[in-house]
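In the working numbering, the protein residues as written are 1030 to 1865.
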């Protein structure tokens, strides 16, 4: 896109064989459309819900439940069969809604393909559908117009647009038609381009279409968004595989037992068979999953961590390479001005500030070229870290931005970009005009012909240049980040189109310290001990990077650090060889950064990357785990797997640590469920032998499996506990079953119905609380869920007795209490035995 920014609109119109007055001909449009494609963007189809349902029907979990429902209908158990179908539909519906919600905002962009546009063709203005636009079309737009394609502006009249769809920033941006000379522009800096999907809020204009359809910026973003969603969402598959394993085992056992009895000529009670099938079928997996997911996500949100893709808990364990940004990983999210160099002398941060023209000018420029804010009383600021450091330094010297701004009326600014690395603001100073510039010292120095010494402008000789560069080198070798300051006076009001950043007067250098995080050496060692290779991207100079990275032990020697400029002249083989041994990259462009990450991904490494700006979207999309941080926009977050506002390295390893627990917890939750199901099957078998099959009915199993087990499963997923072996599952199930069968022996079927409900529910509750070490002395989410479970058990028992008009004898109540005490004693002794 840069070539469209760097060239005049006349060159672009000529390049695209168009004409500002006549536009394209209809005949040419057909040819161009066949060659360069339609202006229609591929968006998620609303009918995609059918794909989700069809995919669900292919899963073993769904197939088994359908077979269970069919068998229940065959045996004329219609209500249990409908319940299984209902649970299955709810599971499939929740899954479909989860994926549809993920694509909802993208689907809302459907209007991009259906809006109408004013276009000039064959010398006449026409209104056409936006999807009919082609590259080279001349388009008119005005207030409230939805931009139909990527457009190079030809004429603009007070044009301001909202690019939230593209950048995620809900801000109005001024647009103009002049060419931009800088290279490596971010999307936000392309002020002479309009992007498909943005909205004109003020003004009007005319432009030429430069990209259409999937080749537009939003088309590329959506392609990356869909790509990331398709290949990264793996958590559901993992959990489904675990469920299917247990479900399949029980299903095969029940069917095999039934077939054995039939083949051997024995009569099989169909009630027993259908109840056994119902027991394993009434498990609302998706309800447990969604509730657990939401609770976990809310828990992380309290620490300013937004889980965007829940599968990050699955993906994070496989990381081989971790690409880091220096700030927020090895250094703090802060900078301080450590010293300044003016008048060929160094002033420390604690030295007494003497008001003097050159020093004052440096401070003025640092505050004029500054869009951040600072709270003097609290000593804190918001915005760019370097800018906040300048505001803080000036405030300590009793120089304030508000006072400087009063005397320097801002006319316009030329923002900093990755190539130019200069920030310039043109101001009106008492009727005269001045360009104030700060940025990369080498680039600032190249723009200067003079230097200010003791308030006097003198010629900048080669000798003085060399001394300045030596000071810069000295600052850098101490690990400081340097910026140069310069200005240029005008006796007329300059415009954006002229070369303002030239023939400037050099003022001085500021050396900023970006303090390393406490114990960063240990953090880096921990990363390496996990088998992960840390690779750093930094905007500081190579010398400063070497100093800081040796301190924190990211590198062993200076040969592991390379500057972006050194990579430009390498061929593919040299580039690949160098990237393989380098651990720190200084001042690389977004394109080079993406190329580096892509090399590791192509070689089969599992990669995690960090990003904050729109330029970071490609690397976030390439990575197996994309981490957005700081002030990342909504579009950047959407491409990411997780957003961590501060201390992203600590947040990442917090997620990594929990990711190992969550898989174990899910397995434990499923074991708890199937341990209860096994108990039900044993009790069913015992009831069949005792001739009391009616005691264990469908409603009891529905309450236990589909209601009681939901909060208990959530407790187990949320809280770490002890692993339960398969042998342990079987022993517990047998013990609970024996106690239950003893309790219902020679009990009237009507009275005995509540016994399995209370015993199975209470035992599962006791086991869950003990196994997960949930304290009853401290209010927590887990304890609350436990209380809710107990309430469900006894309310259900009361309703069963009330609806059926059952009068429970005292002996039954005493029997229930004694049996619960036995169950509690068994669980406590079993827990202590495991601890010993």
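C-beta: ideal position from N, C-alpha, C; glycine also. Values in this document were obtained by computation on a predicted structure and should not be read as measured data.
> Is it right to say residue 1152 is buried, meaning 16 or more other beta carbons lie within 10 angstroms of its own, or is it exposed?
Replying inline: exposed
> According to DSSP, which residues form a beta bridge with residue 1512?
Replying inline: 1539
> Relative to the C-alpha of residue 1118, which residue among 1095, 1507, 1105, 1107 is closest?
Replying inline: 1095
> Who does residue 1477 pair with in a DSSP beta bridge?
Replying inline: 1533
> Just how far apart, CA to CA, sit residue 1551 and residue 1378?
Replying inline: 30 Å
> For the beta strand (DSSP E) that residue 1704 lies in, which residues bound it at each end?
Replying inline: Not the beta strand (DSSP E): residue 1704 falls in the alpha helix (DSSP H), residues 1677–1719.
> Taking the C-alpha atoms as reference points, what is the distance between residue 1853 and residue 1795?
Replying inline: 7 Å
>> Under 7 Å: does the beta carbon of residue 1679 sit that close to some heavy atom of the ligand COA?
In response: By its list of ligands, the structure shown contains no ligand whatsoever, and the ligand COA lies outside what it can speak to.
> Mind checking residue 1166: buried by the 16 CB within 10 Å criterion, or exposed?
Replying inline: buried
>> Tell me which residues share the same chain as residue 1741 and place their Cβ nearer than 7 Å to its Cβ, disregarding the 5 neighbours each side in the sequence.
In response: 1701, 1793, 1794, 1797, 1818
> In or out: residue 1858 buried (at least 16 other Cβ within 10 Å) or exposed?
Replying inline: exposed
>> Report the CB separation of residue 1349 from residue 1634 in whole angstroms; it is logged as a contact under 8 Å.
In response: 4 Å
> Would you report the Cα separation of residue 1238 and residue 1662, rounded to the nearest angstrom?
Replying inline: 27 Å
>> Would residue 1725 and residue 1785 qualify as a contact pair, given that the criterion is a beta-carbon distance under 8 Å?
In response: yes
> What are the complete beta strand (DSSP E) segments, minimum 3 residues, inside the region 1159–1244?
Replying inline: 1167–1170, 1179–1191, 1201–1204, 1228–1240
> Starting from residue 1878 and walking both ways along the beta strand (DSSP E), at which residues does that stretch end?
Replying inline: Residue 1878 lies beyond the residue range present for the chain, which begins at 1030 and ends at 1865; the question has no answer from this structure.
> Any idea if residue 1441 is buried or exposed, counting beta-carbon neighbours within 10 angstroms, 16 or more meaning buried?
Replying inline: exposed
> Counting Cβ pairs closer than 8 Å, one from the region 1168–1184 and one from the region 1233–1250, do we hit at least three?
Replying inline: yes
> What do you get for residue 1192, buried or exposed, if any count of 16 or more other CB atoms within 10 angstroms of its CB means buried?
Replying inline: buried
>> Which residue wins for smallest C-alpha separation from residue 1650, given the options 1639, 1659, 1694?
In response: 1639
>> With three or more beta-carbon pairs closer than 8 Å as the criterion, would you say the region 1493–1503 touches the region 1468–1479?
In response: yes
> Out of 1483, 1478, 1120, which has the shortest C-alpha to C-alpha gap to residue 1492?
Replying inline: 1478
> Name the DSSP beta bridge partners of residue 1463, please?
Replying inline: 1456, 1518
>> Just to check my reading of the structure: residue 1303 and residue 1695 have Cβ atoms closer than 8 Å, yes? What is that Cβ distance to the nearest angstrom?
In response: Contact flag wrong, Cβ pair sits at about 29 Å.
> Who are the near neighbours of residue 1076 in its chain, counting only those whose CB is closer than 6 Å to its CB and skipping five residues on each side?
Replying inline: With a pLDDT of only 49 at residue 1076, under 50, the local geometry of the prediction cannot be trusted, and the value read off the model is given with reservation. Taken in chain order, the list of residues that qualify is empty.
> Thinking C-alpha only, which one of 1235, 1822, 1414, 1143 is nearest residue 1544?
Replying inline: 1414
> By DSSP, does residue 1356 sit in helix, in strand, or in coil?
Replying inline: strand
> Just the Cα atoms here: how many angstroms apart are residue 1146 and residue 1164?
Replying inline: 14 Å
> Would you say the region 1447–1466 touches the region 1502–1520, given that touching needs at least three Cβ pairs under 8 Å?
Replying inline: yes
> How about residue 1617 and residue 1309: are their beta carbons less than 8 Å apart?
Replying inline: no
>> Taking the beta carbon of residue 1571 as the centre, do at least 16 other beta carbons fall within 10 Å, making it buried, or is it exposed?
In response: buried
>> I'd like the span of the beta strand (DSSP E) that includes residue 1442, first residue to last.
In response: 1438–1443
> What residue range is occupied by the uninterrupted alpha helix (DSSP H) comprising residue 1615?
Replying inline: Unbroken run through residue 1615 is the beta strand (DSSP E), 1613–1615; no alpha helix (DSSP H).
> Under the DSSP definition of a beta bridge, which residues are partnered with residue 1638?
Replying inline: 1655
>> Give me the DSSP bridge partner(s) of residue 1029.
In response: For the chain, the structure presents residues 1030 to 1865; residue 1029 sits outside this window and is missing.
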